[in-house]
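Remarks on the structure that follows.
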Amino acid sequence: MQSNSVGLGSPISGFGIAAETSTEISRLLLDALGCIDDDESSAIDLVKRASTLLRPAGERAVTLRAPSSGGLAAWQIAKLRAFIESRIDGGISLGELAAVARLSASYFSVAFKASFGLPPHAYVMERRIEHAKEQMLNTDLPLCEIALNCGLADQAHLSRIFKRMTGSTPSAWRRVKAASRAEYRRPAARDQLPAAAI
791 MQSNSVGLGS PISGFGIAAE TSTEISRLLL DALGCIDDDE SSAIDLVKRA
841 STLLRPAGER AVTLRAPSSG GLAAWQIAKL RAFIESRIDG GISLGELAAV
891 ARLSASYFSV AFKASFGLPP HAYVMERRIE HAKEQMLNTD LPLCEIALNC
941 GLADQAHLSR IFKRMTGSTP SAWRRVKAAS RAEYRRPAAR DQLPAAAI
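Going by my numbering, the sequence shown opens with residue 791, and the numbers climb by one from there.
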């Protein structure tokens, strides 16, 4: 009698599973193992996807049409947004963001981009520039102070990032916005003058 035992490293035989499918199953299970301590729900999702591949092709066709996006859960997105906003004036590392989401750094980067549309660093820089714009519009703070308030190294760092993202320097952007605000307010001030002055 012949033994049909399958070792851990040997491919699955006799089940009609192609080499690509068994490789994909192995990858999914290893990914699940790698994130089970940090994010149990993602690990479960990966195991479910692997088990789907073990089903006969006819049964799994329906399931594979709409795979998981690989993004973050709603609670993770909310926690990350709050964390980034609360730390916008300081350093924010990839490791800290991954810890907030309770994921490994490598899995986190992929999931973050799937959810936010940008890699973590690019999203944080975008938020820093939005905070800088708010401060330039609503305060008279010098650009060097605004840069520090937004977690940037100095005014030159702010200028480089700002110009790359907006096409304008911070000081030019501030002048244009201040001029357009002043022009917008001007007619309202004229309406408040006494009738004899008009």
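For glycine and all other residues, C-beta sits at the position ideal for the given N, C-alpha and C. From a predicted model like this one, the values you see are computed outputs, not experimental measurements.
With DSSP as the reference, label Cys1001 as helix, strand or coil.
Residue 1001 lies beyond the stretch modelled for the chain, which goes from 791 to 988, so this question has no answer here.
Span of the alpha helix (DSSP H) holding Ala889?
Here the question's residue 889 lines up with position 99 in the sequence shown. Unbroken alpha helix (DSSP H) run through Ala889: 884 to 891.
Cβ atoms of Ser896 and Pro910: under 8 Å apart, would you say?
As a working mapping, residue 910 is identified with position 120 in the sequence shown. As a working mapping, residue 896 is identified with position 106 in the sequence shown. No, the Cβ-Cβ distance between Pro910 and Ser896 is not below 8 Å.
Decide if Lys967 is buried, meaning its Cβ has at least 16 other Cβ atoms within 10 Å, or exposed.
As a position in the sequence shown, residue 967 is number 177, starting the count at 1. Flag for Lys967 reads exposed.
Say whether the segment 884 to 892 touches the segment 861 to 876, bearing in mind that this needs 3 or more beta-carbon pairs closer than 8 Å, one atom from each stretch.
The segment 884 to 892, when compared against the segment 861 to 876, does touch it at the 8 Å Cβ threshold.
Arg877 by DSSP, collapsed to three states: which one?
As a working note, residue 877 is residue 87 in the sequence shown. Arg877: coil per DSSP, three-state reduction.
In terms of alpha-carbon separation, which member of Arg839, Trp865, Val914, Leu884 lies closest to Glu875?
For the purposes of this step, residue 875 is taken as residue 85 along the sequence shown, with counting starting at 1. Comparing Cα-Cα distances from Glu875 to each of Arg839, Trp865, Val914, Leu884, the minimum goes to Val914.
DSSP on Thr929, reduced to helix/strand/coil?
Residue numbering aside, residue 929 sits at position 139 when the sequence shown is read from its first letter. In this structure, Thr929 counts as coil in the three-state DSSP scheme.
How long is the line joining the alpha carbons of Lys838 and Leu908, rounded to whole angstroms?
Along the sequence shown, read from residue 1 onward, the residue named residue 838 stands at position 48. Along the sequence shown, read from residue 1 onward, the residue named residue 908 stands at position 118. If you take the alpha carbons of Lys838 and Leu908, they lie about 27 Å apart.
So the candidates are Thr959, Ala937, Arg965; which of them puts its Cα closest to the Cα of Leu927?
For this step, residue 927 is matched to residue 137 along the sequence shown. For the residues Thr959, Ala937, Arg965, the minimum Cα distance to Leu927 belongs to Arg965.
Output needed for Leu933: all residues of its chain with C-beta closer than 7 Å, excluding positions within five of it in sequence on either side, in chain order.
Here residue 933 corresponds to residue number 143 of the sequence shown, with the count starting at 1. So the qualifying residues of the chain are Gln945, Leu948, Pro960, Ser961.
For Glu814 and Ala969, I'd like the C-alpha separation in whole angstroms.
Numbered from 1 along the sequence shown, position 24 holds the residue referred to as residue 814. Numbered from 1 along the sequence shown, position 179 holds the residue referred to as residue 969. Going from the Cα of Glu814 to the Cα of Ala969 covers about 58 Å.
Taking the alpha-carbon positions, what's the Asp930 to Trp963 distance?
Your numbering for residue 930 matches position 140 in the sequence shown. Your numbering for residue 963 matches position 173 in the sequence shown. Using only the alpha carbons, I get a separation of about 14 Å.
Apart from the five residues on each side of it in sequence, which residues of its chain come closer than 7 Å, Cβ to Cβ, to Ser905?
Taking the sequence shown and counting its residues from 1, one reaches residue 905 at position 115. Within the same chain, Ser905 has close Cβ partners Gly861, Leu862, Ile867.
In whole angstroms, give me the CA-to-CA distance for Leu818 and Arg918.
Translated into the one-based positions of the sequence shown, residue 818 becomes position 28. Translated into the one-based positions of the sequence shown, residue 918 becomes position 128. Taking the straight line from one Cα to the other gives about 36 Å.
To the nearest angstrom, report how far apart Leu884 and Ser841 are at their CA atoms.
Walking along the sequence shown from the start, residue 884 turns up at place 94. Walking along the sequence shown from the start, residue 841 turns up at place 51. Their backbone Cα atoms lie some 31 Å apart in a straight line.
Could you give the residue range of the alpha helix (DSSP H) that holds Ser899?
By 1-based counting over the sequence shown, the position of residue 899 is 109. Unbroken alpha helix (DSSP H) run through Ser899: 895 to 906.
Under three-state DSSP, which class holds Ser816?
Here residue 816 is taken as the residue at index 26 of the sequence shown, counted from 1. Three-state DSSP puts Ser816 in a helix.
Take the Cβ of Ile834 as the centre, count every other Cβ of all protein chains shown within 10 Å, and call the residue buried at 16 or more, exposed below.
Within the sequence shown, the letter at position 44 stands for residue 834. Exposed, by the Cβ-count rule.
Mind checking whether Ile771 and Cys940 have CB atoms under 8 Å apart?
The first residue shown for the chain is 791 and the last is 988, placing residue 771 beyond what the model contains.
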